[in-house]
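Mind the numbering: the sequence shown is residues 2 to 246 in my numbering, read in order. Cβ atoms here follow ideal geometry from the backbone N, Cα and C, with glycine treated the same way.
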Amino acid sequence: MKTDIHVHLIPPELASGADAPALGPEALEARCRSGGAERAVIQGWPFRSLEDCRVQNQAILQALRTRPDFFRGFCTAAPGAGAAALEEAAACLDAGCSGVGELDPVRQGFSLEDPVFLDLCALCEERGRVLCLHLDMTVGREGGGRAVLPADCLRLIEARPNLRLLLPHCGGGLPFYALMPEVARKLKNVWFDAAPEACVLPPRAADCVRLCLGADRLLFGSHLPGPVFDAGPCWDLPEEWEGML
């Protein structure tokens with residue numbers, strides 16, 4: 002089944018706080034299908050406010066209820082909100098979400114050593130769910146926190162080898178370090194998506210990921226309703242993903 006692993010559904014009341022326009026589930030599905038997708042996974046937007054996360058999550062859950070044949074969804078959470086963020090994520094997983102994310106340490110102001118973030122990792126481990134984590138390249142973003150880089154994420158992977166991770170936008174360049182065998186061995190539970198983002202990597206990065214890690218480690222993501230590029234043959238999910246969605 003041709004699966005778009007990374008789309009965004011932004012409620013109108015939250016559009017001003019996201020870098021993506023508001024788009025309802027019917028319009029989003031139509032856009033996805035016009036691009037060839039037979040199924041799409043809605044990633045939560047990484048809002049810093051837990052209340053905004055809750056609004057986002059309810060919109061995602063509503064899409065899952067109304068179009069269960071087409072949509073799957075992850076839930077977002079704000080680690081800065083403390084234990085309430087963990088409760089929100091657990092409730093959304095109970096309600097039908099397939100994973101947690103997209104989380105972004107810079108936008109949301111947390112580190113990969115943050116206790117609540119680590120609790121979210123543990124929640125995903127316990128339930129066999131995927132956590133979607135946005136990384137940065139070596140240059141961070143103005144107005145945010147310290148950039149979270151591939152080396153930071155590799156330490157997380159080493160500490161939690163059973164955590165299933167989806168790293169969007171080609172993982173901030175982490176796949177390229179998989180040319181080193183000692184790095185490649187640590188990425189057995191890590192996948193990357195090819196969702197475009199103008200400030201990260203160009204379309205040809207998808208070919209580099211396939212070269213470094215193999216075709217089954219790169220998943221197609223359109224980043225709709227943002228810009229889309231042809232990332233090549235990565236529509237079909239690896240077999241183990243079918244049980245995770």
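Exclusion of the five residues before and after L214 leaves P176 and A179 as the residues of its chain whose Cβ lies within less than 6 Å of its Cβ. Taking 8 Å as the cut-off, the Cβ atoms of L164 and D120 do not count as close. For the pair of segments examined, the segment 91-100 was found not to touch the segment 31-41: the number of CB pairs separated by less than 8 Å stays below three.
Closest in alpha carbon position to K3, among L238, K189, C54 and S50, is L238. If you look at I158, you'll find it in the alpha helix (DSSP H) that goes P151 to A160. Note that the C-beta distance between L167 and V117 is not below 8 Å. A contact is defined here as three or more CB-CB pairs under 8 Å, and the segment 44-61 meets this definition with respect to the segment 13-21.
Under DSSP, the beta-bridge partners assigned to D237 are K3. Contact between L225 and R32 is confirmed by a C-beta separation of about 5 Å, below the 8 Å threshold. Looking at A160, R205 and E240, the one whose alpha-carbon comes closest to that of W192 is E240.
Under DSSP, D194 takes part in a beta bridge, and its partners are L220. Under the three-state reduction of DSSP output, L167 falls in the strand class. Counting along the chain, no beta strand (DSSP E) covers C209; the unbroken alpha helix (DSSP H) around it starts and ends at A206 to L214. With contacts defined by Cβ atoms closer than 8 Å, I11 and A28 do not form a contacting pair. With a contact defined as Cβ atoms closer than 8 Å, F71 and S99 miss out at about 14 Å. Apart from the 5 residues on each side of it in sequence, E126 sits with its Cβ closer than 6 Å to the Cβ of N163 and L164 in its chain, given in chain order.
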